[in-house]
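Colleague: I'd like to ask some things about the structure below.
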Amino acid sequence: MRKITSLSPPPIGSNYSCIDRKTAFNIKAINKFKRIAAAIALSLCAAPEKASAACAPTPADDVTTICDASSVQTTTLGNGPGLNNVIIDVLPSARIDTGELSAISLDSGSVITLQENAEVKNNANGTAGTGNWGAGQNTIEFNSNTVLTINQGAQVLAQGTAGSGSAIFIRTFGNTIFNHGTIQSVNSPTILLGGNTTSLVSTIDNYGIISATSPENIVIESEGNNIELINRPGGVIIGSIKLGVLGPNNIVIEAGSTLDSEYIDASLVEKGSSFVLRDGDAGTPPVVNTITTNILNFTRIFKSGYSTWLITSPIVVGTSLYVTNGTLALSGDNTYTGGTFINGGTLAALAAGAFSPNSAYIIAAPGAMDLNGFSQTIASVDNAGGINLNGANAGTVLTVTGDYTGNNGRLNFNAKLSDDASQSERLIVEGNTSGDTQVTVNNVGGSGAQTLDGIELIRVEGASNGEFTQSGRIVAGAYDYTLARGTDANAANWYLNSSLTPSEPIPDPHPDPGDMVERPEDSSYGVNLAAANTLFAAGRDTRSVLTTYIDPITGQQQTTSLWMANIGGHNRSRDDSGQLRTQSNRYVLQLGGDVGQWSSNDIDSFRLGVMAGYGNAKSTTVSQVSGYRAKGSVNGYSVGLYGTWYADAAGHDGLYVDGWTQYGWFDNEVNGQDLGEQDYKSKGFTASLETGYAFTIGANPAKNAIYYIEPQAQAIWMDVKADDLTEANGTRVTGEGDGNIQTRLGVKAFMNAYSERDKNRDRLFQPFVEANWIHNSKDFGATLNGVTISQDGAANIGELKIGVNGQLNKNFNLWGSVGQQVGNKGYSDTAGMLGLKYLF
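1 is the number of the first residue of the sequence shown in full-length UniProt numbering; add one for each residue after it.
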């Protein structure tokens, strides 16, 4: 005999080889579980040769009865009590129709199989007596330890319109129904379970349809039997369910199934009942499911699996609620008094008052309670997971009539951050608080403003022993907000403040007491725009002033054409409040070459050239008040034209005029601590006009040196503009300072010299020192929600620069310089440059 160990129903249509029924189903030789598995396998076997009658032989103990489609069976199979260990196999498309009498009536230990498209029905109208089991003329009825399998397309129908007669009557315990077809009753409960004095359970495993005539009619009723009902994906149950006395009972509704019931009532159950919402078999995708059924008097409601379930009906009386995965959403007016245990997943509200005010809520990590913007009142809460108020309009209130206990859980609020009157979600605890809780606040459209007493976030009416600690940044517009306990009469409550408080670090210089806490991102935006405008802003000396050489073949003086300059720098600055300090580093590579040379009198010279560059700058801004920091970066390119005219091309004195124009485009980033990265573009033109006049002031023939002094003046127009942007927190950001005119007045002292040993070796050096006064007509900065924060100390800058230009040989020129700029309010800039030319 083949050993069958699986207890799960095999898929319809599986290819099983048939075995001798009497051998495979010796009831006395195998236990209940093996009998179930054997019965399922037998239900899929092909039929033997047809008998002359519809069902043959007549059912008897240890006998297999086969019903084929040769004709309709019109008499009852079996006589109920005392008929045990029977196999009834109703073959595909076979029909049993017994009128007002039961169709199949057995006792215990039997197996009944309806194969594809088989039909078993009756039409009891109460005129044929109470039946073999005293429970009416039921279509199929049995006592205990029996397995009924209904395959796809098969039907069990009770079509009587009067009296009692269910489609299936189960008298006692230990029975199993596997339904892939249809079970339907017109008048009585579709499946009726009788009394039971043991704890053994009868199981209904539904993949098909179990239906009463309407949702309010009884589809399944237990008069005392313990039942486990499983509605599988694709399964449909239409009608209400009434559970019996003994218990415990389990109603399991899997994702993707349909439950259309007026109510499921467990009010008579003495030992408790569970209502379980879960996913289907492994591999079943998560779906959204809705339960409109009134779930009455269940001891427990369980939600597991990753699907989302919505219960629209109220949950009342002493039920406890358990959520372990996925989302359970409630929209009814729930008043249950049992506990609510969120061990994982999310319990969500879809209406005000959806959370029972009579329940104690215990939230374990990583579970969460989500108010979804609907105010709720609950009895108490122990929070080790998360509570999300999540109102788009920031008006949600969670009221705890008892105690709040924090076990390192989280509270997430939304607020329209502005002044003290800001609209904010709130937690109100009428009892006591204890433990530790992390608090996050998300700004939803607030523009930021100065607070005085602060924005009340948490009110505690009892003993305020709990600690609520800010987690992450709380920002609005240009400002940072902080969470802090109130003072004096408000010491039990917790507030959001944007103004400086005495407990915060004192910045240097010390801001006014009424100042607000500025975000470090304010400076990062401004410093990025300053970098985009100044990275490629240089003068004539970037391209070297040693422009001539002696051609080795012709002996004539020529001018060079190709050059490259590398520039690096470090900048320090503060904002205009003194709260924010920024340091930045930059690197620039510029390449260029002459494309044309002219002279009007063989003395002067005009050169026209093209140039291109790459530059990047990275900055870090730190708030001296909050300690938060932000990082900025700029990466970009430029292309442009330059032109230089020398009155005396051969000498080094006389007038010169230099000009250039460039177009630059840049990728910018600002990354605030605990905030998302902001990416945006900037682009625009810069242009320069420079002039100077070199005077010979002396010579030292012994040292082969000539000394010069050269006053200079330069004006640079800076019009690189940054794109406007809106941060994730709603802050609108625009750049400030484009259109700046930077002017420079200075004097340069230099000498041309070579050593005696380098005479006639094509070497020439030009050391120099230069001093400048630089003025900027605008301050670079950014406006965040109408509040402008600017870079300070750069309006007037003094600069000192030293360097050398050198011709090392007839093919190679090298030049470099180091400069230091100093402004006020802590502004400084250090720059170094190294350039070269190579003559091919």
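Think of the CB as a built atom: it goes at the ideal place given N, C-alpha and C, for glycine as much as any other residue. These numbers come from a predicted model, not from an experiment.
1. For the alpha helix (DSSP H) that residue 534 lies in, which residues bound it at each end?
2. Residue 826 to residue 541, Cα distance in whole Å?
3. My guess is that residue 155 and residue 186 are in contact by the Cβ rule of under 8 Å, so how many angstroms apart are they, rounded?
4. Is the beta carbon of residue 496 sitting closer than 8 Å to the one on residue 441?
5. Do you know whose CA, among 116, 82, 94, lies nearest residue 108's CA?
6. Just the Cα atoms here: how many angstroms apart are residue 834 and residue 602?
7. Using a 10 Å radius around the Cβ and a threshold of 16 neighbouring Cβ atoms, would you call residue 366 buried or exposed?
8. For the beta strand (DSSP E) that residue 717 lies in, which residues bound it at each end?
9. Taking buried to mean at least 16 other C-beta atoms within 10 Å of its own C-beta, is residue 180 buried or exposed?
10. Taking the alpha-carbon positions, what's the residue 829 to residue 793 distance?
11. Taking 8 Å as the threshold (C-beta atoms), are residue 836 and residue 800 in contact?
12. In or out: residue 741 buried (at least 16 other Cβ within 10 Å) or exposed?
13. How long is the line joining the alpha carbons of residue 519 and residue 425, rounded to whole angstroms?
14. What residue range is occupied by the uninterrupted beta strand (DSSP E) comprising residue 297?
15. Give the range of the beta strand (DSSP E) segment to which residue 775 is assigned.
16. Going by beta carbon distance, what residues of the same chain come within less than 7 Å of residue 588, once the five residues before and after it are set aside?
17. Just list the beta strand (DSSP E) runs in the region 227-267, keeping only unbroken ones of 3 residues or longer that don't cross its boundaries, in chain order.
18. Alpha carbon to alpha carbon, how far is residue 593 from residue 658?
19. What number of angstroms, rounded off, separates the C-alpha of residue 163 from the C-alpha of residue 240?
20. With a threshold of 6 Å on Cβ separation, who are the neighbours of residue 195 within its own chain once the five nearest residues in sequence on each side are excluded?
21. Report the residue from 673, 669, 687 whose alpha carbon sits nearest the alpha carbon of residue 680.
22. Pick from 763, 130, 819: whose alpha carbon is nearest that of residue 807?
23. Out of 765, 770, 716, which one is the CA nearest neighbour of residue 709?
24. So, residue 252 versus residue 230, is the Cβ gap smaller than 8 Å?
25. Does DSSP put residue 795 in a helix, in a strand, or in coil?
26. Taking the DSSP output, what are the residues bridged to residue 170?
27. Buried or exposed for residue 621, going by 16 or more other Cβ atoms inside 10 Å?
28. Inspect the beta-carbon positions of residue 439 and residue 417 and report whether they are closer than 8 Å.
29. Using CA atoms only, rank isn't needed, just tell me which of 723, 591, 427, 402 is closest to residue 662.
30. With C-beta atoms as the reference, is residue 843 less than 8 Å away from residue 524?
31. Which class does residue 503 belong to by DSSP, given the choice of helix, strand or coil?
32. Since residue 634 and residue 531 should fall inside the 8 Å C-beta cutoff, what is the C-beta to C-beta distance between them, to a whole number of angstroms?
33. Mapping the DSSP letters down to three states, classify residue 206 as helix, strand or coil.
34. In terms of DSSP beta bridges, what is residue 609 paired with?
35. Could you tell me which residues DSSP puts in a beta bridge with residue 858?
36. With C-beta atoms as the reference, is residue 125 less than 8 Å away from residue 131?
Modeller: With the given structure in hand:
1. Numbered from 1 along the sequence shown, position 534 holds the residue referred to as residue 534. Here the alpha helix (DSSP H) through residue 534 covers 520-534.
2. Position 826 of the sequence shown, counted from the start, is the residue given in the question as residue 826. Position 541 of the sequence shown, counted from the start, is the residue given in the question as residue 541. Taking the straight line from one Cα to the other gives about 28 Å.
3. By 1-based counting over the sequence shown, the position of residue 155 is 155. By 1-based counting over the sequence shown, the position of residue 186 is 186. No, residue 155 and residue 186 are not in contact; Cβ-Cβ is about 13 Å, not under 8 Å.
4. Your numbering for residue 496 matches position 496 in the sequence shown. Your numbering for residue 441 matches position 441 in the sequence shown. For residue 496 and residue 441, yes; Cβs fall inside 8 Å.
5. Along the sequence shown, one-based indexing puts residue 108 at 108. When only C-alpha atoms are compared, the closest one is 82.
6. Locating residue 834 in the sequence shown gives position 834, counting from the first residue. Locating residue 602 in the sequence shown gives position 602, counting from the first residue. Rounded to whole angstroms, residue 834 to residue 602 spans 32 Å at the Cα level.
7. Against the sequence shown, residue 366 aligns to sequence position 366. Under this definition residue 366 is an exposed residue.
8. Against the sequence shown, residue 717 aligns to sequence position 717. From DSSP, the beta strand (DSSP E) with residue 717 extends over 705-722.
9. Within the sequence shown, numbered from 1, the residue matching residue 180 stands at position 180. The residue in question, residue 180, is buried, as its Cβ has 16 or more Cβ neighbours within 10 Å.
10. Your numbering for residue 829 matches position 829 in the sequence shown. Your numbering for residue 793 matches position 793 in the sequence shown. Rounded to the nearest angstrom, the two C-alpha atoms are 11 Å apart.
11. Position 800 of the sequence shown, counted from the first residue, corresponds to residue 800. Position 836 of the sequence shown, counted from the first residue, corresponds to residue 836. No, the Cβ-Cβ distance between residue 800 and residue 836 is not below 8 Å.
12. The count along the sequence shown starts at 1 and reaches residue 741 at position 741. Exposed, by the Cβ-count rule.
13. Translated into the one-based positions of the sequence shown, residue 519 becomes position 519. Translated into the one-based positions of the sequence shown, residue 425 becomes position 425. Their Cα atoms are separated by approximately 23 Å.
14. Reading the sequence shown from its first residue, position 297 is the one you call residue 297. It is not in any beta strand (DSSP E) - residue 297 carries neither H nor E in the DSSP assignment.
15. By one-based count along the sequence shown, residue 775 stands at place 775. Element bounds for residue 775: 764-776.
16. Here the question's residue 588 lines up with position 588 in the sequence shown. For residue 588, where only same-chain residues beyond five positions count, the Cβ hits under 7 Å are 535, 536, 567, 613, 615.
17. 236-238, 240-242, 249-254, 258-260, 263-265
18. Position 593 of the sequence shown, counted from the first residue, corresponds to residue 593. Position 658 of the sequence shown, counted from the first residue, corresponds to residue 658. Cα to Cα, the separation comes out at about 15 Å.
19. Residue numbering aside, residue 163 sits at position 163 when the sequence shown is read from its first letter. Residue numbering aside, residue 240 sits at position 240 when the sequence shown is read from its first letter. Each residue's Cα considered, the two are about 19 Å apart.
20. Stepping through the sequence shown from its first residue, residue 195 is reached at position 195. Closer than 6 Å at the Cβ level, and outside the excluded window around residue 195, lie 223, 224.
21. Locating residue 680 in the sequence shown gives position 680, where the first residue counts as 1. Residue 669 is the option with its Cα nearest to residue 680.
22. Your numbering for residue 807 matches position 807 in the sequence shown. Among 763, 130, 819, the Cα nearest to that of residue 807 is on 763.
23. Start at 1 with the first residue of the sequence shown, and residue 709 comes out as number 709. Checking every option, the nearest Cα to that of residue 709 belongs to 770.
24. Against the sequence shown, residue 252 aligns to sequence position 252. Against the sequence shown, residue 230 aligns to sequence position 230. Yes. Within cutoff.
25. Position 795 of the sequence shown holds residue 795. Here residue 795 sits in coil by DSSP.
26. Position 170 of the sequence shown, counting from 1, holds the residue named residue 170. Bridge partners of residue 170: 142, 193.
27. What you label residue 621 is simply residue 621 of the sequence shown in a count that begins at 1. Residue 621 is buried by the Cβ-count criterion.
28. As a working note, residue 439 is residue 439 in the sequence shown. As a working note, residue 417 is residue 417 in the sequence shown. Not in contact: residue 439 and residue 417 (Cβ atoms no closer than 8 Å).
29. Residue numbering aside, residue 662 sits at position 662 when the sequence shown is read from its first letter. Here the closest residue by C-alpha is 591.
30. With the chain covering only 1 through 840, there is no way to say anything about residue 843.
31. On the sequence shown, position 503 is the one that residue 503 refers to. Per-residue confidence for residue 503 stands at a pLDDT of 42, beneath the threshold of 50, marking its modelled position as unreliable; no derived number is given.
32. For this step, residue 634 is matched to residue 634 along the sequence shown. For this step, residue 531 is matched to residue 531 along the sequence shown. At roughly 5 Å, the Cβ-Cβ gap stays under 8 Å, so residue 634 and residue 531 are in contact.
33. Within the sequence shown, numbered from 1, the residue matching residue 206 stands at position 206. In this structure, residue 206 counts as strand in the three-state DSSP scheme.
34. As a first step, residue 609 is located in the sequence shown; it is residue number 609 there, counting from the start. Note: residue 609 sits in a beta bridge opposite 594, 642.
35. What is shown of the chain runs 1 to 840, which leaves residue 858 out entirely.
36. As a working note, residue 125 is residue 125 in the sequence shown. As a working note, residue 131 is residue 131 in the sequence shown. No; because the gap between Cβ atoms is not below 8 Å, this pair is not in contact.
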